[in-house]
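Per the numbering used here, the sequence shown starts with residue 2, numbered consecutively.
A virtual CB, placed ideally from N, CA and C, is assigned to each residue, including glycine.
For reference, the structure discussed in these notes is given below.
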Amino acid sequence: MAKNERWASRVGLVLAMAGNAVGLGNFLRFPAQAAQNGGGAFMIPYLVSLVVMGIPLMWIEWTMGRFGGGQGHHSTPGIFQSMGKSRLWKYAGVLGLLTCLGIASYYLYIESWCLSYSIYSLLGGFQPPEGVSPEDAAAFASGAPSAFFNRITGQQENQIFAISMPGLVMFAICIGINIFILSRGVAGGIEVVAKVAMPLLLLFGVVLAVKGLMNDPVAEEAVKYSPWIGLNYVWEPDLTQLGNPAVWLAAAGQIFFTLSIGMGSIHCYASYLRRKDDVALTGATTAWTNELCEVVLGSALLLPIAVSYLGLEAVQEQSGFGLAFMTLPTLFNNWGQFAPLAGFLWFGLLFLAAITSSLAMGQPVMAFLEDEFKLSRVKASWALMGMILLLAVPVATITQAGVFDDFDFWVGTFALVVFALLEVILFAWVFGMDRGWEELMRGAELKVPRAFYYITKYVTPVFIIVILLAAVFKPSVGWDGFFRSIGAGEGIPSWEWAGDSVIGKLLHKDLQAPHGASPEVATYYQWLRMIRTFDRLALAGLFLFFSVLVAIAWSRKNTQPKGTGA
2 MAKNERWASR
12 VGLVLAMAGN
22 AVGLGNFLRF
32 PAQAAQNGGG
42 AFMIPYLVSL
52 VVMGIPLMWI
62 EWTMGRFGGG
72 QGHHSTPGIF
82 QSMGKSRLWK
92 YAGVLGLLTC
102 LGIASYYLYI
112 ESWCLSYSIY
122 SLLGGFQPPE
132 GVSPEDAAAF
142 ASGAPSAFFN
152 RITGQQENQI
162 FAISMPGLVM
172 FAICIGINIF
182 ILSRGVAGGI
192 EVVAKVAMPL
202 LLLFGVVLAV
212 KGLMNDPVAE
222 EAVKYSPWIG
232 LNYVWEPDLT
242 QLGNPAVWLA
252 AAGQIFFTLS
262 IGMGSIHCYA
272 SYLRRKDDVA
282 LTGATTAWTN
292 ELCEVVLGSA
302 LLLPIAVSYL
312 GLEAVQEQSG
322 FGLAFMTLPT
332 LFNNWGQFAP
342 LAGFLWFGLL
352 FLAAITSSLA
362 MGQPVMAFLE
372 DEFKLSRVKA
382 SWALMGMILL
392 LAVPVATITQ
402 AGVFDDFDFW
412 VGTFALVVFA
422 LLEVILFAWV
432 FGMDRGWEEL
442 MRGAELKVPR
452 AFYYITKYVT
462 PVFIIVILLA
472 AVFKPSVGWD
482 GFFRSIGAGE
492 GIPSWEWAGD
502 SVIGKLLHKD
512 LQAPHGASPE
522 VATYYQWLRM
532 IRTFDRLALA
542 GLFLFFSVLV
552 AIAWSRKNTQ
562 PKGTGA
């Protein structure tokens, strides 16, 4: 049962926690966010957000997890209930299960892409055939990544449903790998994988970073710019951008993605600690290990390599996904015989980052089933696989209708912020900051500065509330345009909800047919709105499903005779 499990070693715990935090966002989202938000100007609010929000939330989740684990709970419904005075807190904890399972449903899909790309790269699939003309070779190299992507996803223009048997097979393989590892337990599965995957990830990243930074525009015709331009851009702050609220919001949002906070996985991992095991130093070590991977490796890979061939302006216009899956496989062809290995290392790195994170998403759901319904680990793993498949099928087959993106917005973005606000209120104001601080310092091998007591209690919740309000009420001109208009004396601009705001999403502002669209196009957008509504109802239904399970589990505990255990 989950309650009898422990981490086998501290190194394994730190690597598993770091693997949870180090994910695709470190290597895909961070470089793109930095490039699009002023480079060094982005790093200042990023580091401020890390100190006043990221680190406090990390310590909160570690402390809550260890405390709840001592009460026999390894998932957030039980952990929240053990710290809250009201019975309703266990239902707030359901968000931790919803986010983990919801994110896993599409995260595993991306994970399968990474595995497919790594194998295809090693086999030389992105390299032009020998003997073709330079023009044909260039055309093949530029079109091969998108052709392969369409092959494994089945996507075609203006289609809502897309099915690719090779893609679904790889998706099923990734789900199977995750379920098998989780069925082996915390120490025998997750920890073993982390001890292998994290060193390999760092090795792959260092090899690629060194090779990329050696790109020489003087010696190599294809290299147009120094790769150091891309690296330096991240560390040269444009102080004029610090007054742009959009940069601050982007930086704060990245902290949620990079540390895996606000989703229940850290609570779960920390719940397998002993009562007096340190969480202060271990939590800080995990955070800084993640930052090492993100800020050092993340900024030394994608940006320098892409900038050296394309230039900074061209890179700023692309998304992290486009650079990673469409652009880099083409650029690697300039590395000659090293190209297949480079592609394998790059996508292998992404796969390792993805699987260590997806394992952390599956474990809380399994722990919930083991703790509250006494399922064996094998039965819990089969139940988890069934839940993932139910959510994953629409993600994998209706991707072009935006189900993938919609899941990412509601459970991978918005729910994280809501959950983080709830947990900081519970920890600092319900459980009590004095008790919380005492719990944090129990067995601590690091003396946490007293300033974090006040930051956690006052600054962190305010910071999160600002992020939440900005996401809900974002105007169509963006917050930077909104404040620029006021600062220029033009008054408040005409208000329209942004398509990527919470209200805009609810009103389908991002799914309006273009003016003058044909009846066929208008019908297409109607279908999109219908599908988006359905997938949101599915997420609401999943929350209700877990809430019912929680109610049943606690009802059984309340009717259990005293002395039989719970």
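Beta bridge counterpart(s) of residue i as assigned by DSSP
i	result
P476	W498
Three-way DSSP call (helix, strand, coil) for residue i in this model
i	result
P129	coil
W8	coil
F258	helix
N216	coil
R485	helix
E446	coil
Q72	coil
E373	helix
R88	coil
E221	coil
R378	helix
L508	coil
V23	coil
G13	helix
F348	helix
I493	coil
D625	As shown, the chain starts at 2 and ends at 567. That puts residue 625 outside it, with no answer to give.
Q513	coil
A307	helix
N245	coil
S320	coil
Test: residue i CB closer than 9 Å to a CB of chain B
i	result
A195	Of the chains in the structure shown, none is chain B; there is only one protein chain.
Distance, residue j Cα to residue i Cα
i	j	result
G566	P395	Residue placement at G566 cannot be trusted, given a pLDDT of 44 that sits under 50; what the coordinates show is reported in the next sentence. Taking the straight line from one Cα to the other gives about 40 Å.
V449	L109	36 Å
A393	M264	19 Å
V53	L293	19 Å
V297	V418	26 Å
V431	G517	54 Å
A343	T398	30 Å
S106	I180	13 Å
V280	S486	46 Å
L538	F333	43 Å
A140	T154	22 Å
G299	G231	12 Å
E521	Q527	10 Å
V194	V224	38 Å
K458	M434	7 Å
P57	L260	11 Å
L470	S134	56 Å
E221	G206	22 Å
Span of the alpha helix (DSSP H), counted from its first residue to its last, around residue i
i	result
G168	M166 to S184
Y526	P520 to T560
D407	V404 to F410
Q317	L313 to Q317
S266	S266 to A271
Q34	F31 to Q37
A142	P135 to T154
Y226	Per DSSP, Y226 belongs to no alpha helix (DSSP H) and is neither H nor E.
V296	Careful: V296 lies outside any alpha helix (DSSP H) and carries neither H nor E.
L417	A416 to I426
R276	Here R276 belongs to no alpha helix (DSSP H), and DSSP marks it neither H nor E.
L102	V95 to L123
L332	L329 to L332
G41	G41 to S50
F453	A452 to Y455
| Is it a yes or a no for the stretch 355-363 touching the stretch 56-74, going by three-plus beta-carbon pairs under 8 Å? | The stretch 355-363 makes no contact with the stretch 56-74, as fewer than three CB pairs between them are under 8 Å.
| said: Three Cβ pairs or more, each shorter than 8 Å: is that satisfied between the stretch 197-211 and the stretch 16-27? | reply: Touching, yes.
| Is it true that the stretch 71-87 meets the stretch 281-289, where meeting means three or more beta-carbon pairs spaced less than 8 Å apart? | Touching, no.
| query | Between the stretch 132-147 and the stretch 363-379, do three or more beta carbon pairs fall short of 8 Å? | reply | The answer is no - the stretch 363-379 does not touch the stretch 132-147, with fewer than three Cβ pairs under 8 Å.
| field | contact_flag[the stretch 202-218, the stretch 297-307] where n(CB pairs < 8 Å) is 3 or more | value | As far as the Cβ criterion goes, the stretch 202-218 touches the stretch 297-307, which means the pair count is three or higher.
| query | On the three-pair Cβ rule with 8 Å, is the stretch 94-114 touching the stretch 256-274? | reply | Yes, the stretch 94-114 is in contact with the stretch 256-274.
| message | Would you call the stretch 234-242 in contact with the stretch 35-43, where contact means no fewer than 3 C-beta pairs closer than 8 Å? | response | Touching, per the Cβ criterion.
| said: Would you call the stretch 110-119 in contact with the stretch 168-184, where contact means no fewer than 3 C-beta pairs closer than 8 Å? | reply: Flag = yes, the stretch 110-119 and the stretch 168-184 touch.
| query | Using 8 Å as the threshold, is the stretch 444-459 in touch with the stretch 405-417, meaning 3 or more CB pairs across them? | reply | Here the stretch 444-459 makes no contact with the stretch 405-417; the two share fewer than three CB pairs at distances below 8 Å.
| message | Within 8 Å, do at least three Cβ pairs link the stretch 496-510 to the stretch 476-486? | response | Counting Cβ pairs under 8 Å, three or more are found: they touch.
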